[in-house]
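Reading through the structure tokens given below for one structure.
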Amino acid sequence: MSKKEALRDRAGWKGFIVVIFAVLMVISTIFSIQFGSANIPLKDIWTTFTGDIQSDFQNIIWNIRVPRTFVAILVGANLAVAGVLLQGIMKNPLADPYIIGVSSGAGLAGMIVLILYPHLPHILTPVAFIGATIVAFTVYALAWEKGIAPTRIILAGVAISAFLGSGISALMVFYSDRVQGTIDFMVGGLSARSWPQVEVILPYSIVGILLAIIGIRKMNLLMLGDRTAKSLGARVEWIRFSMTAVATLLAASAVSVIGLLGFVGLIVPHTARLIVGNDYRVLLPASIFLGAAILTASDTLGRIMFAPIEVPVGVIMGALGAPFFLYLLRRKMV
Amino acid sequence: MSALEAASISHSFSDKRVLKQIDLELKEGRIYSIIGPNGSGKSTLLHVLSRQLKPDHGQVYWKQADLYRLSPKKVAQELALLAQVNDVMDLTVEQLISYGRTPHKSMFQRLDEEDQIIIDEAIQLTKLDALRKRNVSQLSGGERQRAWIALCLAQQPKVLFLDEPTTYLDISHQLDVLEIVTQLQKTQNVTIVMVLHDLNHAAVYSDEVIVVKEGHIYGQGTPKEMMNPDMFKDVFNVQADIYEDKDNELLRIVMMPLKVRVQKVR
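Protein sequence lines, in the order shown, are assigned to chains A and B. Following numbering that gives the first Met the number 0, the numbering of the first sequence begins with 0 at its first residue and continues without gaps. Following numbering that gives the first Met the number 0, the numbering of the second sequence begins with 0 at its first residue and continues without gaps.
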């Protein structure tokens, strides 16, 4: 056993990593509230929260920065948990919320609202959510045969996504003058997200993440393979079904709020897996904190990097996160 | 006493009938080997008996109770399966084995001292003491197979099913596995039901062999009753010469293609 592996196996090391991810999340949360078009001194953030003294920045903090950060945390956590569940359920490292049709469903539904009913912006989130859920369950229905067969889901998901993608493209061709207004949604952005979006996503986050936590032991059993899991008394089909449903609701609520944000659901779970291993008792909290931290930090960066132009968070994550992930992957392989 | 009983079980995959009206009775504390050519349905039979696969028709009884109506957890306390293919896990040997305690624990219950004793016993029986902190992914094929067997042992089953447990192993590791299984039956009276590819191993290590051909039971009996040239010709399509080792009453089988004429040397 090499020294590095000895270190990795030492008890408590993995727990320590989880704590580090949690700290990263807290730090990026503070940054996210602090920095933007106006930089707010830490002192004013403190007084706003404690309510001691009236701050000039109170309005920005409460109505813009805090809810936006909140959305970023919840979306990051939701997508990461959805991804980490789906990878385990599908036994496929490429499984992510896109695979089950959630994104294309939300995408087409969202585009219809943005292009055909631009005067009704407030229905965007609920319509996208409904679109995501309907498409996800259509994919399951198509893939169903005496249970959820992972390969069939993936293939059905890819086919449905291609089909809906052509619908999105057609909309963009016919209404090319209105495409500009949809970019934020298509790449995943957080601008102008506030308390209403928090209200949409929060219940799903709480319920979904709680159910995922309850499912930790079952997910670990699934990891041992279907036959062994069954031999140990696990109801494999039921675990697959229920955990896929949880992942669907988490992912659907996230994309309906933020738009088609790729990357988080795929790369965050993998990054966490490369660092802490496959045990869901550690992997799940690590993914939650890492997802929240990365999304919040990327959004903050997108706000300040080219100010006053705001770069959507999806662009930042792809540009910085993917190379970092490749670096991790290379290092692990060597 | 009969432990496991199958009553006219049939099963199909797509349109192919894999098991056709099989009746079977297995007694407690014996070693059974299921043998048959590829595609004869022996693995499917093992899966039906071990509650992995509900048959289309027919019933399986575990101590007179309908196996598929018992709760999965209750069954898991008494039946364990060593699957044919097991993924490489990123776990230590001891962590892997500790999963064997799952059926004996409630959802949020932690492992206690008694569980640890059982896990230690499983580790000792499979001679994994020196490797218990090692990552499963770093083990050799034979060690890894022993670790998965230890996982089944920690389950403390009354019946242990093994699906081709010796495939892909070196001969010495094959024998290790079969010796562990024998020891388990002798010391703890565990019933063993395994699918074996190697017919010589089946002849030496089984109390009874169950011969499966095209979804039917061709026959069931002691190796001496079942292992004869006619059976080899009918079921495996080979010519077999069977010798008996007089010292310990074990069979030795030499197999050849049917067409070749073999001169018997006796």
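Each residue gets a CB set at the ideal place from its N, CA and C atoms; glycine is no exception.
Shorter than 7 Å from the beta carbon of residue i to some beta carbon of chain A?
i              : result
L80 (chain B)  : yes
A2 (chain B)   : no
T101 (chain B) : yes
D114 (chain B) : no
K232 (chain B) : no
Q187 (chain B) : no
K72 (chain B)  : yes
D86 (chain B)  : yes
A149 (chain B) : no
Q108 (chain B) : no
Q155 (chain B) : no
Between which two residues does the alpha helix (DSSP H) containing residue i stretch?
i              : result
Q219 (chain B) : Not the alpha helix (DSSP H): Q219 (chain B) falls in the beta strand (DSSP E), residues 215-220.
Q238 (chain B) : From DSSP, Q238 (chain B) is part of no alpha helix (DSSP H) but of the beta strand (DSSP E) over 237-244.
V138 (chain A) : 123-142
W61 (chain B)  : Element bounds for W61 (chain B): not the alpha helix (DSSP H) but the beta strand (DSSP E), 56-61.
K229 (chain A) : 225-230
Y203 (chain A) : 194-213
K132 (chain B) : Looking at the DSSP string, K132 (chain B) is not in any alpha helix (DSSP H), and its letter there is neither H nor E.
R151 (chain A) : 149-173
A81 (chain A)  : 65-89
F20 (chain A)  : 12-33
P284 (chain A) : 279-304
Quick check: is the beta carbon of residue i nearer than 7 Å to any beta carbon in chain B?
i              : result
K145 (chain A) : no
S230 (chain A) : yes
N277 (chain A) : yes
T132 (chain A) : no
T243 (chain A) : no
R280 (chain A) : no
T150 (chain A) : no
T227 (chain A) : yes
V333 (chain A) : With a pLDDT of 38 at V333 (chain A), under the threshold of 50, the modelled position of this residue cannot be trusted; read the value that follows with caution. Closer than 7 Å: no.
K2 (chain A)   : Annotation note: pLDDT 45 at K2 (chain A) (below 50); position unreliable, coordinate value reported separately. Chain B contact via Cβ: absent.
R234 (chain A) : yes
G290 (chain A) : no
Span of the beta strand (DSSP E) holding residue i?
i              : result
E248 (chain B) : Looking at the DSSP string, E248 (chain B) is not in any beta strand (DSSP E), and its letter there is neither H nor E.
I8 (chain B)   : 1-12
A79 (chain B)  : 78-81
V210 (chain B) : 207-212
M193 (chain B) : 190-194
D162 (chain B) : 158-162
V17 (chain B)  : 15-26
S32 (chain B)  : 30-34
Excluding the 5 residues preceding and the 5 following residue i in the sequence, name in chain order all residues of the same chain whose CB lies nearer than 8 Å to its CB.
i              : result
P195 (chain A) : H121, T124
S171 (chain B) : G141
I122 (chain B) : V92, E93, I96, D128, R131, A149
D244 (chain B) : L250, R251
L282 (chain A) : V83, P268, A271, R272, V275, G276
W45 (chain A)  : none
Classify residue i as buried or exposed, calling it buried when 16 or more other Cβ atoms lie within 10 Å of its own Cβ.
i              : result
V18 (chain A)  : exposed
F12 (chain B)  : exposed
Q108 (chain B) : exposed
E309 (chain A) : buried
W237 (chain A) : exposed
K73 (chain B)  : exposed
G264 (chain A) : buried
W12 (chain A)  : exposed
Q63 (chain B)  : exposed
W61 (chain B)  : buried
F15 (chain A)  : exposed
Can you tell me the Cβ-Cβ gap for residue i and residue j, rounded? I've got them flagged as a contact below 8 Å.
i              : j              : result
L201 (chain A) : V245 (chain A) : Wrong, their Cβ atoms sit about 16 Å apart, outside the cutoff.
S31 (chain A)  : D298 (chain A) : 6 Å
I8 (chain B)   : L18 (chain B)  : 6 Å
I88 (chain A)  : T243 (chain A) : 6 Å
I159 (chain A) : V134 (chain A) : 6 Å
T137 (chain A) : G100 (chain A) : 7 Å
L152 (chain B) : L198 (chain B) : With a Cβ gap of about 26 Å, L152 (chain B) and L198 (chain B) do not count as contacting.
E105 (chain A) : G130 (chain A) : Sequence inspection shows Ala at residue 105 (chain A); the Glu mentioned does not correspond to that position. Sure, about 5 Å apart at Cβ, within 8 Å.
Please go through the same chain and pick out, in chain order, the residues whose beta-carbon is closer than 7 Å to the beta-carbon of residue i, but skip the five residues on each side of it.
i              : result
A82 (chain B)  : D162
D169 (chain B) : G141
T181 (chain A) : M110, L113, I114
R7 (chain A)   : A caution first: R7 (chain A) carries a pLDDT of 48, below 50, which makes its placement in the model unreliable, though a value can still be read off. Contacts found: none.
Quick one: residues in its chain with C-beta nearer than 6 Å to the C-beta of residue i, no 5 flanking neighbours on either side, listed in chain order?
i              : result
N348 (chain A) : This structure cannot settle anything about residue 348 (chain A), because the visible part of chain A is limited to 0 through 333.
R192 (chain A) : R67, V70
D206 (chain B) : R29, I30
F162 (chain A) : none
V178 (chain A) : M171
G156 (chain A) : I98, I99, G100, V138
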